[in-house]
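So the protein sequences, as listed, match chains D and Z. Letter by letter, the first sequence follows residues 1 to 239 in full-length UniProt numbering. Letter by letter, the second sequence follows residues 1 to 239 in full-length UniProt numbering. Quick notes on the structure that follows.
2 protein chains.
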Amino acid sequence: MAAKAQPKSDTSLAADNGSDRVSRIREGVTTAILEHRLLPGTKLGEDEIGEIYGASRTLVRTALHQLAHEGIVSIEKNRGAFVARPTPADAREVFEARRLIEPSIVDHAIDAVSPDWLERLQQHLAEEHAAESRGDARTSIRLSGEFHRLVAEMSGHSIYAGFLKELIARSSLIILLYRRHDTPACGTSHHAEIVTAIRRKDKSQARELMLSHLTEIEAELFLKEPAADEPRLSDVLGA
Amino acid sequence: MAAKAQPKSDTSLAADNGSDRVSRIREGVTTAILEHRLLPGTKLGEDEIGEIYGASRTLVRTALHQLAHEGIVSIEKNRGAFVARPTPADAREVFEARRLIEPSIVDHAIDAVSPDWLERLQQHLAEEHAAESRGDARTSIRLSGEFHRLVAEMSGHSIYAGFLKELIARSSLIILLYRRHDTPACGTSHHAEIVTAIRRKDKSQARELMLSHLTEIEAELFLKEPAADEPRLSDVLGA
DNA sequence: ACAGGCGAAACTTTATACAATCCCTGACCA
DNA sequence: TGGTCAGGGATTGTATAAAGTTTCGCCTGT
Chain D
1 MAAKAQPKSD TSLAADNGSD RVSRIREGVT TAILEHRLLP GTKLGEDEIG EIYGASRTLV
61 RTALHQLAHE GIVSIEKNRG AFVARPTPAD AREVFEARRL IEPSIVDHAI DAVSPDWLER
121 LQQHLAEEHA AESRGDARTS IRLSGEFHRL VAEMSGHSIY AGFLKELIAR SSLIILLYRR
181 HDTPACGTSH HAEIVTAIRR KDKSQARELM LSHLTEIEAE LFLKEPAADE PRLSDVLGA
Chain Z
1 MAAKAQPKSD TSLAADNGSD RVSRIREGVT TAILEHRLLP GTKLGEDEIG EIYGASRTLV
61 RTALHQLAHE GIVSIEKNRG AFVARPTPAD AREVFEARRL IEPSIVDHAI DAVSPDWLER
121 LQQHLAEEHA AESRGDARTS IRLSGEFHRL VAEMSGHSIY AGFLKELIAR SSLIILLYRR
181 HDTPACGTSH HAEIVTAIRR KDKSQARELM LSHLTEIEAE LFLKEPAADE PRLSDVLGA
């Protein structure tokens, strides 16, 4: 017996279980990209990553394919995997999609609001503020995207959440490539205002704030041509 | 120099090249699902499929993982892959997402309209009509979904197109599981009306028609509990 | 007769070995 | 001096083999 009631994702999506090794690889690489430690164009060799995480190429390959499907890794046949380099056209599409989806997500989040979730949001704002205060740009940029992911999760709409996860990861690359100044990643104050609107259950204002927030981020971009870089891999991945 | 201008999907997504074998497997299974030849819950054994397509399990596995990411195949650890069985909750999410995204897609499609595209749309309508006339339900249901995919492709918005591809595949499963009567898959006349609005470049009407079309499809569903089935595999896949 | 546990078979998962492809280097030729 | 072509090295793509897990059937004991 010992019936092990496992959570189980009956739906479909291969869930993000941190349990297995391929998920660890995927999340390690994803985090590195989200924190701007892995730059667009960086070669992601199978052997190299496999050695870092102590996994065979089979598992690394699986992880890289999943990341390719999410749009943050580009796989070229017989050449290997690279951190994706979104074009300006991609950038516009990503932000248009976010402007379309995120207001709806906020709507759902407000419907699903609970003391527990408000607590988590509040805590997240604190973390963001802390990271920014101590000048930790890496963590700051990551948490900034994670805020949006958190709201999506809160909405309980798993499809929107899945789509947005892709869009956020790509946004991170886009911001890295095309941001004009070193303006703070995402205005933290905006996030706080959005949380306030959620707490008040003011849907129309929350939508409006989210929309203007995204518009402002996009406005800070200069969508022309990118620049190249090439960092070392084992330095940047803290396996 | 000798610059070889290759088409190249610089973006990211592993393109749908029908060239390699894993794509053939993926599309074969996808088509079978779209034509309702593979029913929800059907076991997709690696050996079985591999033998059908003359490929090793490695390639089958890759294809199945991709399909899992698209949400039409469910992979259970140490148990294998099955055709996904969307829940009523999933169904509502899918159609909500479609109601959100497709009107925007139609907008873009109208911006990108050209004689060439109008020709393709018209030809598609003819095919749909032909299939329905000769009572070919399988082809009919597939073409019905393909219409939406065609409009998405026409829009030139690759992100929307990618999202919608997933949503359409899932919709097919949902319709199979939850449709009330044997009403025609998607009213063909609706599609024709939408094309007319596109031809006239009437955005607001095109959006409205698309929205009501989707609403009507969803209204024909009975979102309660599913039924089981179990077909044979090699009969249904015409590799 | 029924419940429980042991065991074998089938499947997925992971690892390793082989084959194909591409890129880079270096030499040769115009 | 610049360009082209061939060879070597490296890396990915594919297949096969070993390992681990689950499931199902059967047998035994009560």
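Ideal placement from N, C-alpha and C gives every residue a C-beta, glycine not left out.
In chain Z, which residues lie less than 9 Å from VAL94(D) when you measure between Cβ atoms? The contacting residues are ILE159.
Exposed unless 16 or more other CB atoms sit within 10 angstroms - verdict on GLY71(Z): Classification of GLY71(Z): buried, given that the 10 Å Cβ count is 16 or more.
Segment limits, beta strand (DSSP E) that includes PHE82(D): Where PHE82(D) is concerned, the enclosing beta strand (DSSP E) starts and stops at 80 to 83.
Extent of the continuous beta strand (DSSP E) to which ILE141(Z) belongs: Looking at the DSSP string, ILE141(Z) is not in any beta strand (DSSP E); the run it does join, the alpha helix (DSSP H), is 137 to 155.
Thinking just about the alpha-carbon of each residue, which of ILE105(Z), THR87(Z), ALA126(Z) is nearest to the one in TYR178(Z)? The candidate whose alpha carbon is nearest that of TYR178(Z) is THR87(Z).
Is the shortest distance between the beta-carbon of HIS65(Z) and the beta-carbons of chain D less than 8 Å? So, interface residue.
Using DSSP bridges, identify the partner residues of VAL73(Z). Answer is VAL83(Z).
Find the residues of chain D that neighbour ALA97(Z), judging by a C-beta separation of less than 7 Å, and give them in chain order. Those within 7 Å of ALA97(Z) in chain D are ILE159, TYR160.
Excluding the 5 residues flanking SER56(D) on each side, which residues of the same chain have their C-beta closer than 7 Å to its C-beta? These residues qualify, in order along the chain: GLY50.
With a threshold of 6 Å on Cβ separation, who are the neighbours of SER172(Z) within its own chain once the five nearest residues in sequence on each side are excluded? The residues are LEU34, GLY145.
In this structure, does DSSP put ARG134(Z) in helix, strand or coil? Here ARG134(Z) sits in coil by DSSP.
Please go through the same chain and pick out, in chain order, the residues whose beta-carbon is closer than 7 Å to the beta-carbon of LEU211(D), but skip the five residues on each side of it. Once the five neighbours on either side are set aside, the close Cβ partners of LEU211(D) are ARG99, PRO103.
For ARG121(Z), does the three-state DSSP call read helix, strand or coil? What sits at residue 121(Z) in the sequence shown is Leu, not Arg. Judged by DSSP in its simplified three-state form, LEU121(Z) adopts helix.
Within 10 angstroms of its Cβ, does PRO40(D) collect 16 or more other Cβ (buried), or is it exposed? Classification for PRO40(D): buried.
Give the DSSP-derived three-state secondary structure of ARG180(D) in the structure shown. The answer is coil: DSSP assigns ARG180(D) none of H, G, I, E or B.
By alpha-carbon positions, which one of GLY54(Z), LEU44(Z), LYS203(Z) ends up nearest to LEU64(Z)? Nearest of GLY54(Z), LEU44(Z), LYS203(Z) to LEU64(Z), Cα basis: LEU44(Z).
Under 8 Å from the C-beta of LEU100(Z): neighbouring residues of chain D: Close partners of LEU100(Z) in chain D (Cβ separation under 8 Å): LEU100, ILE101, SER104.
Considering only the alpha carbon of each residue, which of LYS224(D), HIS191(D), LEU221(D), LEU223(D) lies closest to HIS213(D)? Ranking LYS224(D), HIS191(D), LEU221(D), LEU223(D) by Cα distance to HIS213(D) puts HIS191(D) first.
So which of ALA161(D), ALA130(D), ASN78(D) has the shortest CA-CA distance to VAL94(Z)? Looking at ALA161(D), ALA130(D), ASN78(D), the one whose alpha-carbon comes closest to that of VAL94(Z) is ALA161(D).
How close, in whole Å, do the beta carbons of ARG26(Z) and ARG138(Z) come, if the pair is a contact with beta carbons under 8 Å? Rounded to whole angstroms, the Cβ separation of ARG26(Z) and ARG138(Z) is 19 Å, and the two are not in contact under 8 Å.
When you compare the CB of PHE163(Z) with every CB in chain D, is at least one pair closer than 8 Å? Yes, PHE163(Z) counts as interfacial toward chain D.
Hey, is HIS69(D)'s beta-carbon within less than 8 Å of any beta-carbon in chain Z? By this cut-off, HIS69(D) is an interface position.
Examine chain D for any beta-carbon lying closer than 8 Å to the beta-carbon of GLN6(Z), and answer yes or no. Its pLDDT being 32, under 50, GLN6(Z) is placed unreliably by the model, and the measurement read from it follows with that caveat. Between GLN6(Z) and chain D, the shortest Cβ-Cβ separation is not below 8 Å.
Would ALA219(Z) pass as an interface residue toward chain D - the criterion being a Cβ-Cβ separation below 8 Å? Judged by the 8 Å Cβ criterion, ALA219(Z) is not in contact with chain D.
Tell me whether ASP111(Z) is buried or exposed, calling it buried when 16 or more other Cβ atoms sit within 10 Å of its Cβ. Taking all protein chains in view, the Cβ of ASP111(Z) is surrounded by fewer than 16 other Cβ atoms within 10 Å, so the residue is classified as exposed.
Could you tell me which residues DSSP pairs with LYS43(Z) in its beta bridges? Among the bridge pairs identified by DSSP, LYS43(Z) is matched with PHE82(Z).
Are LEU125(Z) and VAL60(Z) closer than 8 Å when you measure CB to CB? Taking 8 Å as the Cβ cut-off, LEU125(Z) and VAL60(Z) do not qualify as a contacting pair.
Does any CB atom of chain Z fall closer than 8 Å to the CB of THR62(D)? Interface residue, yes.
For GLU193(Z) and LEU167(Z), which I take to be in contact (beta-carbon distance under 8 Å), what is that distance rounded to the nearest angstrom? Rounded, the Cβ-Cβ distance is 21 Å, inconsistent with contact.
By the 10 Å Cβ neighbour count, where 16 or more other Cβ atoms means buried, how is PHE163(Z) classified, buried or exposed? When all chains shown are included, PHE163(Z) counts as buried.
Exposure of SER155(D), with buried meaning 16 or more beta-carbon neighbours within 10 Å: With 16 or more Cβ atoms within 10 Å of its Cβ, SER155(D) is classed as buried.
Following the continuous alpha helix (DSSP H) through LYS203(D), name the residue where it begins and the one where it ends. Judged by DSSP secondary structure, LYS203(D) falls within the alpha helix (DSSP H) whose first and last residues are 203 to 219.
Proximity to VAL106(Z) [Cα-Cα], best of GLU127(Z), SER114(Z), ALA131(Z), HIS148(Z): VAL106(Z) has its Cα closest to that of HIS148(Z), out of GLU127(Z), SER114(Z), ALA131(Z), HIS148(Z).
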